[in-house]
């Protein structure tokens, strides 16, 4: 059998998280609102209504263009894309066409296959379009119901070149894009809420060939798992067709999430049918150097750059660096803690990956909103390092600080949590436990030495965790042997 | 430049218009003569004139990202020939699977 490789390009639509819509002052996010409540003459296409561009939309697009190494055009224009559909009240969508906000760009994506060598996949971007979303259509028996709340919600359309080579790479691209959008704070990028939508163009060819075969377009994939599954199935189907000597036809396929199958869709208008022309109701976007520089002031270090730096500067394993830079506020949290702690960064990483990550997930809020600040975490680790408290007391302290917002050293002092390494105090408790547990003591003396764990547990409990478990064990063994 | 009968039917379809045979013939003539009229521009020598991509001034005008009150739902739905559950009601999709 011939070995094939897949050629995949992704067309993504990114919903920007502006407060208002792209061309009118209606609220953009209607996720929790009843149908047709965030609407006005502009977004419902009433005659005579005129669009005005939301400045924040352009600002967010500039951030994404910078992150994707795309070139902003000094002058970009809107265009009308004409087609009839009930959820498009004007009969056209305001989009961009020949002069979009930015052209070109790329993302260098690290791939770490579970069994195989790591590599970087260079993914090119054709261009970035600003456009308005259409309304929502709900199919009911014998009719369709239209909600215009989503009309005019700002989108960026970003299309990759045919640069992805597997379903895994396509999924990874979406994961990286989602991470980047959240990092920049320009989109919530929740695929289930359609903040990030994706169509996939898929074709295959014999491995090593340089020509492109006819492709199919997969629509309606709304989770990263679905993208992976749908592309995988389409590669399999095309491979079978080719092996059987059939030609691949340029179909549009729809992913049926529930059934897990691809279905052929109706033929769409061809590009010429959209009859694009310059939108006469809107002025150009003039991107001056001055404005661009103002928008890019304070532009953050990007996730993949930070990931590389954490490995380089802090000697972290790739695994740690990946998790710590998964989200911007967590990576800031880590770095601030390391700077305050001044010890081994890997130690901070362990505390964050074992405990802080869980607290962040449970609280459902970003790391910077924790009452357990990086300074407090650094203090707790230092208290453990210096032997003032033991590790389990340290772990308990995390929750206590988070609940009270008080300094760890204060809590240690007030609750008397400092580790007791004073022999006499421990000896006193050991004697008390032996006296209270004649049966266990007898068993131990009769040779059941595994009971030592139980005895040490009793000591720790009695001393509320303050004893050094190693010292407690040594003393207990010594006293039980007498 | 003259339009074919098929082109007129295609244009009518894009505009969701149903045309009778008479109308197709009439619009074929009318649209063709409009195109011919516009074609007269080609008689001008424009080799020394830069392409005009917009007649509007090359500067932006923006709105701040601040919400204002929306249109009440019932006012919007006054324009709907039919509505249900505060939404526009339209016929089901006609184009089924092929």
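Chains as they are written, first to last, in the UniProt record's numbering: chain A, 1 to 482; chain B, 1 to 98.
For each residue, glycine too, the CB sits at the ideal point set by N, CA and C.
Would you decide whether residue i is buried or exposed? Buried here means 16 or more other CB atoms lie within 10 Å of its CB.
{"i": "residue 135 of chain A", "result": "buried"}
{"i": "residue 371 of chain A", "result": "exposed"}
{"i": "residue 349 of chain A", "result": "buried"}
{"i": "residue 96 of chain B", "result": "Confidence is the limiting factor: at residue 96 of chain B the pLDDT is only 44, short of 50, which leaves the residue's position unreliable, though a coordinate-based value still follows. Exposed, because fewer than 16 other Cβ atoms sit within 10 Å of the Cβ of residue 96 of chain B."}
{"i": "residue 320 of chain A", "result": "buried"}
{"i": "residue 374 of chain A", "result": "buried"}
{"i": "residue 64 of chain B", "result": "exposed"}
{"i": "residue 289 of chain A", "result": "exposed"}
{"i": "residue 48 of chain B", "result": "exposed"}
{"i": "residue 287 of chain A", "result": "buried"}
{"i": "residue 132 of chain A", "result": "buried"}
{"i": "residue 425 of chain A", "result": "exposed"}
{"i": "residue 261 of chain A", "result": "exposed"}
{"i": "residue 98 of chain B", "result": "The predicted position of residue 98 of chain B is uncertain, since its pLDDT is 32 and thus under 50; a value taken from the coordinates is nonetheless stated next. So residue 98 of chain B ends up on the exposed side."}
By DSSP's criteria, residue i is part of a beta bridge. Which residues make up the other side?
{"i": "residue 390 of chain A", "result": "The partner list for residue 390 of chain A (beta bridge, DSSP) is empty, contrary to what the question assumes."}
{"i": "residue 65 of chain B", "result": "DSSP lists no partner for residue 65 of chain B."}
{"i": "residue 7 of chain A", "result": "A:203"}
{"i": "residue 71 of chain A", "result": "A:103"}
{"i": "residue 63 of chain A", "result": "Partner(s): none; residue 63 of chain A has no beta bridge."}
{"i": "residue 277 of chain A", "result": "A:80"}
{"i": "residue 4 of chain B", "result": "Answer by DSSP bridge pairing: none, since residue 4 of chain B is not bridged."}
{"i": "residue 110 of chain A", "result": "A:120"}
{"i": "residue 160 of chain A", "result": "A:125"}
{"i": "residue 288 of chain A", "result": "DSSP lists no partner for residue 288 of chain A."}
For a cutoff of 8 angstroms on Cβ pairs, would you count residue i as touching chain A?
{"i": "residue 38 of chain B", "result": "no"}
{"i": "residue 42 of chain B", "result": "no"}
{"i": "residue 78 of chain B", "result": "no"}
{"i": "residue 50 of chain B", "result": "no"}
{"i": "residue 20 of chain B", "result": "no"}
{"i": "residue 98 of chain B", "result": "With a pLDDT of 32 at residue 98 of chain B, under the threshold of 50, the modelled position of that residue is not reliable, and no figure is offered here."}
{"i": "residue 47 of chain B", "result": "no"}
{"i": "residue 35 of chain B", "result": "no"}
{"i": "residue 60 of chain B", "result": "yes"}
{"i": "residue 63 of chain B", "result": "yes"}
Could you tell me which chain E residues have their CB closer than 8 angstroms to the CB of residue i, listed as they occur along the chain?
{"i": "residue 86 of chain A", "result": "Chain labels in this structure do not include chain E; the protein chains are A and B."}
So the alpha helix (DSSP H) residue i belongs to, where does it begin and stop?
{"i": "residue 131 of chain A", "result": "No alpha helix (DSSP H) holds residue 131 of chain A; the beta strand (DSSP E) holding it covers 119-132."}
{"i": "residue 430 of chain A", "result": "423-436"}
{"i": "residue 323 of chain A", "result": "318-324"}
{"i": "residue 173 of chain A", "result": "167-184"}
{"i": "residue 30 of chain B", "result": "21-39"}
{"i": "residue 477 of chain A", "result": "469-480"}
List the residues of chain A that residue i touches, going by C-beta distances under 8 angstroms, in chain order.
{"i": "residue 5 of chain B", "result": "Those do not exist, as residue 5 of chain B stays about 18 angstroms from chain A at its closest Cβ, beyond 8 angstroms."}
{"i": "residue 71 of chain B", "result": "39, 40, 41, 44"}
{"i": "residue 17 of chain B", "result": "None at all; the shortest Cβ gap to chain A is about 10 angstroms."}
For residue i, return the contacting residues in chain B, with the cut-off set at a CB-CB distance below 9 angstroms.
{"i": "residue 311 of chain A", "result": "Near residue 311 of chain A there are no residues of chain B at all, since even the closest Cβ is about 38 angstroms away, more than 9 angstroms."}
Verify the CB distance criterion: does residue i have a CB-CB separation below 8 angstroms to chain B?
{"i": "residue 225 of chain A", "result": "no"}
{"i": "residue 53 of chain A", "result": "yes"}
{"i": "residue 273 of chain A", "result": "yes"}
{"i": "residue 235 of chain A", "result": "no"}
{"i": "residue 320 of chain A", "result": "no"}
{"i": "residue 4 of chain A", "result": "no"}
{"i": "residue 139 of chain A", "result": "yes"}
{"i": "residue 156 of chain A", "result": "no"}
Below 9 angstroms on C-beta distance, what does residue i contact in chain A?
{"i": "residue 57 of chain B", "result": "283, 284"}
{"i": "residue 66 of chain B", "result": "19, 20, 25"}
{"i": "residue 32 of chain B", "result": "Chain A residues near residue 32 of chain B: none, gap ~18 angstroms exceeds 9 angstroms."}
Which residue comes first and which comes last in the beta strand (DSSP E) that contains residue i?
{"i": "residue 256 of chain A", "result": "252-256"}
{"i": "residue 88 of chain A", "result": "Where residue 88 of chain A is concerned, there is no enclosing beta strand (DSSP E), given that its DSSP letter is neither H nor E."}
{"i": "residue 87 of chain B", "result": "87-90"}
Given that residue i touches chain B, what residues does it touch there, using C-beta distances under 8 angstroms?
{"i": "residue 143 of chain A", "result": "84, 89, 90, 91, 92"}
{"i": "residue 162 of chain A", "result": "What residue 162 of chain A touches in chain B: nothing, since even the nearest Cβ is about 26 angstroms away."}
List, in chain order, every chain B residue whose beta-carbon is nearer than 7 angstroms to that of residue i.
{"i": "residue 56 of chain A", "result": "65"}
{"i": "residue 146 of chain A", "result": "87, 88, 90"}
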